[in-house]
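*Asks:*
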Amino acid sequence: MTTTPFRRRCAVLLAALCGSVAASAHAAGEVNVYTTREPGLIQPLLDAFTKARGIKVNTVFVKDGLAERVAAEGRRSPADVLMAVDFGNLIDLVDKGVVQPTKSTALEAAIPANLRDADGRWFSLSMRARVLYASKDRTNLTSFTYEDLAKPEWKGKICIRSAQHPYNTAMIAAYIAHHGEAEAETWLRAVKANLARKPGGGDREVARDILGQICDIGIANSYYVGRMRSGDGGPEQKTWGDAINVVLPTYAGHGTNVNVSGAGVAAHAPNRDNAVALLEYLVSEEAQAIYAKGNYEYPIRKGAAIDPIIASFGALKQDDIDLGAIAKHRKAASLLAEKVGFDN
Amino acid sequence: MSRDGRGAWIASLAIAALVLAPVVALVVEALRGDASLWPHLLANVLPPTVFDTLAMLGGVGVLVIVLGTGSAWLVTAWEFPGRRVLDWALLLPLAVPTYIVAYAYVDLLHPLGPVQGGLRAMLGIANPRDLWFPEVRSLPSAIVLLGFVLYPYVYLSVRAMFLLQSASLLDAARSLGHGGTSVFLRVALPLARPAIAVGTALALMEALNDIGASEFLGVRTLTISIYSTWVNRADLAGAAQIALAMLVVVVALLLVERHGRRRQRYAVAAQRSRRMAPRRLGGVARWIALGLGSVPVVVGFVAPTAYLVFETVKRVRFAGLPPALLEAGLTTLWLATLATLVTVLAGIVIAWCVRQRPGVASRAVERIAGLGYAIPGTVLAIGLLGPVGALDEWLGDTLEATFGIVVGLVVLGSGAALVLAYSVRFLAVSVGGIESGLARVPPSLDQAARTLGRTPSQTLWQVDLPLIRPALAAAALLVFVDCMKELPATLLLRPLNVETLATRLYGEAARGTYEEGAIAALVIVLAGLLPVILLARVGRARAVD
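From first to last, the protein sequence lines are chains A and B. Quick note, in the numbering used here, the first sequence goes up one by one and the last residue is 344. Quick note, in the numbering used here, the second sequence goes up one by one and the last residue is 889.
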C-alpha cells in the first residue's frame, strides 16, 4: 500500500463534499423549511405551493431538537420556516429565540386569535383532536369524557401509546389545567390501572389492538381514522379503522382536547418574504382543503370544509381552556406520568 | 521522537479532542442546570428504569455470549452439513437494525399476525382473546429481540479467536483426557475471554443506547428517560446530567472488566501454528448441530427479512415503488463510505500511536477515542451541535474576513457534520479492530524494518498495514454497516433535502405508515448484506492466511 493514491482519493472526496455546500440558502425563488412534522404529511402542501407560486421548497425533517439545531446554526442558518407539531413545541421555539415576529393580515384574518401568537411568532396551521376509539362489537358509546377513562368498568380494556408522547402529555397537561395536579394524579393512576397492555406503539396500534381484541377502547388522534378508513394505508388498515367507532370525548363540562400543527418564521431567515408567502399560502382555502382532504386534519381556517370521514364524528367542540395554560403544565404532566409510572 | 512519530501523536491528540468536544459540551450543559431534577429521578424514575436497564443489559449480555460464543464454537470445532453456509450466515442479523426487528416482530406476533393466526387456526380457536400468548411489548421480548440481532458482535470476535487458537493447546487438553465440552469450557473459553469481552461490550453499548426498539416495545430504559427529560420537558441540562451519569457507569464497568484481566496475557497469536481442524459429527448429532446453528440466523434475520419482503411486495402492488428511495440509498452509501474512510484512518493513527508509544498518555487517548460509542446517539448528536455550530461560525467569519467569500454553514450545511458524527460515534469499533490486528504483528518485525532503514511511518504503511489488511477490512466493514444503520445523529444533523434510508424509514414510521417504511427497511437490510458477507469472508481469510 502506498500513501499517495489513497491520500489523493481522500482529498478528492473531501473536495467534492465541500463543493456540495453550494450555499444556495439565499437563492431567489427558494424557501427552506425545517420541520418536526413527518415530511410525507406536508409534502403535498409544499408541492402545491411550489406549483402555485413558483418557489422551490427545500426541507429537512428534524424530529427532535429543532430549536437546538437552529440555535446552534446561528445567524448563518439557512432555515426560513420552522414547522412543529404540538403547541408546547411552538412555544419552545419562542423561548429559545429562534423565531421572529411576523405581521400579516392574511394570516391574522384566517387564523382565530387563540390559535396564534399575539406577536406573530407562531401560527397554527391545522388541528387534530384527541379522540376515543371504541370497539364497534363490544361497546356502544355515544358520549365520553376523559374523566371516564378512570372508571373501574374499563379495567383491562384501555390501549394507549406512551404518556411521554407529546399528544398524550398535552392531554394530561389540559387535565391538570382543569382539575389541578392532585386530582390529575388520582385520575392518571386510575387510568394506568385500567390499561390492557403497557403503553407503547403508535396511535394506529390502538385501532389494531381493538380489532385484535387486546382492548375495547383507546385514546388516539382523529386523523389516523381518516387514513385507515379511506383505505389510503392499504386494505389491512381499513379493517382496523372499520373495527372502531369514534367518539369526540370532552373534559367534563368543557370540550375536546386538540393539538395543533403550526409554524413560524426563523429568526435569521435568509428568504423572509418567501417564508411569509409560504405561511400565507398554507392558510389559504386551497391549502386548507389539502389539510382536510389529504391529511384528514381539521382546517384552521374558519368555514373550510372538513373531510366527510372526520365530519362523521360529529361537530368538534374545542376545549375552551387557554392553550397557554396547557403549555404551562406540560412539564408537570410529563413529570406526573413518570411519578405514577404510567409507562412502566 | 522521530518527526513522523510526533505528527501522528499530534494527530491522535486532535482526534481525541474531537471526540471529547461533544462530551465537554454536555458537561457544560449539565452544569448550566441545577440538581432540582434529581429528587424526582431518585423517587420516581431511577428505581424502575435502572431495574429495566440492568435487566435488559444482563439478559442481552447472557444471550449474546451464549449465542455468539456457542455458534462460533459450533462452526469452528465441528464439521456438519451446512456448516460453511452458517459460517457466514450467522453474521447476517448484523444487517438488521434493532428498530426494524422490533417493528417486524410486533407485527408478526400480533393477535392479527401470521403466528397467532396460524396457532388459532391449528387449535380451532375463533376468538383471539382465548389464545394465551406472551406479550411482545415487554422487557423479556426486548431482551430476546436485541440479543438475537446483536450476538454477531460476539460471534465475529470470538470466531476469529477460535480460528487463531493453536490446535496444539486443544490437542494437549484432549490428550490429558478432556472431552469436547471440557476442552471448550476449560481451554477454548478462557482463551477467548478478551474476544468475548470486546464483542459483548459492543453489543451491550448498542443495547444501552437503543431508543427505537425500546420505545416501541415499551421498555423504560435510562436512555428513554434522558429522551423524555429533554424532549418533553425541554430540560436539556437535566438530560445531559442523566447522560453523563450513565457514561460514568459505563466507563467504570469497562475499566473493571479490563482490570479483571490485566495480568492475563494472550500471546497465542504471535506464533504461527497449526489451525484447529473441525471434527466431523455423525448421526443425529450433525442434524442437531445444523438445527442449533440455524436458530440465531432464522430469528435474527430470516424471519424479519421474510416479513419485510412480504410487506414490501404487498405495498408495491398497492402503491408502486416510492420515489426517491434510490436517491436515499445512494446518499446512505456515500455518507457511510466517507465516514468509514475517516474512521478507519483515525483508527490507524490512534492504534499506531499506542503501539509506538505505549504508556499512560497513549492509553488515555485510546480510551477517549472509544467514548463516542458509549453515549446514546441522540445525546452525542446534541453534544456535537454546539461545537460544530461554533466551528461553522468561526469558519464563516474567517472566510469572510480573509477572502471576502460569503459562505453558508460549511460543516452543518455540507453533511460534513454527519461524517464527523459517525466517525466520533464509531471510532471505538475501528480502533478496537485495528489494535487487535496490530497486536498479532510481533514487534520484532517493526524492529527489523527499522534496522533496514525504514522510518516509523514507512514501517506502518509497508509492513504493519499490509499484514493486518484483514483486520482493517473487518473494522471498515463493521463501521460501514453501523453508519448505514445510524439514525439519531443523522436525523438531527443532516442538511436540507438530504435523506438516508434510515431517516426515510423513520419518517414513515413516525407517522404510523409502516407499510411504506417496510420498503426502506428492506433496502437497509439488503444494502447491509453485502458488507456483512464480505465481513464473513474477510474473517475467514484472516484466520487462514
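Glycine residues also receive a C-beta, built at the ideal position from the N, C-alpha and C atoms.
Under a CB-based cut-off of 7 Å, is B:Ala690 close to chain A?
*Replies:* For B:Ala690, the answer is no, since every Cβ of chain A falls outside 7 Å of its Cβ.
*Asks:* Can you list, in chain order, the residues of its chain with a C-beta nearer than 7 Å to that of B:Met939? Leave out the 5 residues immediately preceding and following it.
*Replies:* With chain B covering 345 to 889 only, the question about residue 939 of chain B has no answer from this structure.
*Asks:* What residues in its chain sit with their C-beta under 6 Å from that of A:Gln288, if we drop five residues either side in the sequence?
*Replies:* Pro299, Arg301 and Ala304
*Asks:* Within the 7 Å Cβ cut-off, does A:Ser350 reach chain B?
*Replies:* Look at the range of chain A in this structure, 1 to 344, and you will see that residue 350 of chain A is not part of it.
*Asks:* Check whether the Cβ atoms of B:Leu762 and B:Leu837 lie closer than 7 Å to each other.
*Replies:* yes
*Asks:* Pull the bridge partners of B:Phe654 from the DSSP assignment, please.
*Replies:* Beta-bridge pairing links B:Phe654 to no other residue.
*Asks:* Could you tell me whether the Cβ of B:Ala504 comes closer than 7 Å to any Cβ of chain A?
*Replies:* It does not: the Cβ of B:Ala504 has no partner Cβ on chain A nearer than 7 Å.
*Asks:* Cβ closer than 7 Å: which chain A residues qualify as neighbours of B:Phe662?
*Replies:* The answer, in chain order, is Gly234.
*Asks:* For A:Tyr34, does the three-state DSSP call read helix, strand or coil?
*Replies:* strand
*Asks:* For B:Ala557, which residues of its own chain have a beta-carbon under 6 Å away from its beta-carbon, when the five flanking residues on both sides are left out?
*Replies:* Thr442, Tyr443 and Ala446
*Asks:* Using 10 angstroms around the beta-carbon of A:Ala174, count the other beta-carbons present and answer buried if the total reaches 16, otherwise exposed.
*Replies:* Counting of Cβ neighbours within 10 angstroms places A:Ala174 among the buried residues, the total reaching 16 or more.
*Asks:* Among B:Ala672, B:Ala439, B:Thr397 and B:Ala864, which residue has its Cα nearest to the Cα of B:Val493?
*Replies:* B:Ala439
*Asks:* Keeping to the same chain, check which residues put their C-beta closer than 7 Å to that of A:Gly294; ignore five residues upstream and five downstream.
*Replies:* Pro44, listed in sequence order.
*Asks:* Less than 7 Å between the C-beta atoms of B:Ala820 and B:Val688, yes or no?
*Replies:* yes
*Asks:* To the nearest angstrom, how far is the alpha carbon of A:His98 from that of A:Ala267?
*Replies:* First, the amino acid is wrong: residue 98 of chain A is Val here, not His. Rounded to the nearest angstrom, the two C-alpha atoms are 5 Å apart.
*Asks:* Roughly how many angstroms lie between the CA atoms of B:Ser569 and B:Val450, to the nearest whole one?
*Replies:* If you draw a straight line from the Cα of B:Ser569 to the Cα of B:Val450, it comes to about 22 Å.
*Asks:* I'd like to confirm the pairing. Which residues does DSSP put opposite A:Cys159 in its beta bridges?
*Replies:* A:Gly218
*Asks:* Rounded to a whole number of angstroms, what is the C-alpha to C-alpha distance between B:Arg813 and B:Ile778?
*Replies:* 9 Å
*Asks:* Please list, in chain order, the residues of the region 113-141 of chain A that have any C-beta partner in chain B closer than 9 Å.
*Replies:* none
*Asks:* What residues in the region 186-199 of chain A have a beta carbon less than 8 Å from any beta carbon of chain B?
*Replies:* Arg197, Lys198 and Pro199
*Asks:* My output table needs one value for A:Val57: the three-state DSSP class, helix, strand or coil.
*Replies:* strand
*Asks:* Taking only beta-carbon positions, decide if B:Glu737 is within less than 7 Å of chain A.
*Replies:* With its beta carbon less than 7 Å from one in chain A, B:Glu737 belongs to the interface.
*Asks:* Name the two residues that bound the continuous alpha helix (DSSP H) containing B:Leu677.
*Replies:* Leu669 to Gln700
*Asks:* Excluding sequence positions up to five away, which residues of its chain have a Cβ less than 8 Å from the Cβ of A:Ala52?
*Replies:* Tyr281 and Glu286
*Asks:* How about B:Val531 and B:Ser501: do their beta carbons lie closer than 7 Å?
*Replies:* no
*Asks:* Quick check on A:Ala25: does DSSP put it in helix, strand or coil?
*Replies:* The pLDDT assigned to A:Ala25 is 44, lower than 50, so where the model puts this residue is not dependable, and the model offers no usable value.
*Asks:* Roughly how many whole angstroms lie between the Cα atoms of A:Ala327 and A:Ala177?
*Replies:* 10 Å
*Asks:* On a CA-only basis, which of B:Ala399, B:Ala650 and B:Leu809 is nearest B:Arg564? Give me that one, please.
*Replies:* B:Ala399
*Asks:* Given a threshold of 16 other Cβ atoms within 10 Å of its Cβ, counted over all protein chains shown, does B:Phe560 qualify as buried or as exposed?
*Replies:* buried
*Asks:* Applying a beta-carbon distance threshold of less than 8 Å, which residues of chain A neighbour B:Glu479?
*Replies:* Arg197 and Lys198
*Asks:* Report yes or no: do three or more beta-carbon pairs, one from the region 80-93 of chain A and one from the region 253-265 of chain A, lie closer than 8 Å?
*Replies:* yes
*Asks:* How many Å lie between A:Asp322 and B:Ser380 at the Cα?
*Replies:* Cα-Cα distance, rounded: 28 Å.
*Asks:* Hey, A:Ala220 and A:Val131 are a contact pair by Cβ (cut 8 Å); roughly how many whole angstroms apart?
*Replies:* 7 Å
*Asks:* Hey, quick one: how far does the beta strand (DSSP E) through A:Gly262 stretch, first residue to last?
*Replies:* Val258 to Ala266
*Asks:* According to the neighbour-count rule (16 or more other Cβ atoms, all chains shown, within 10 Å of its Cβ), is A:Phe342 buried or exposed?
*Replies:* With 16 or more other Cβ atoms within 10 Å, it is buried.
*Asks:* My output table needs one value for B:Phe662: the three-state DSSP class, helix, strand or coil.
*Replies:* helix
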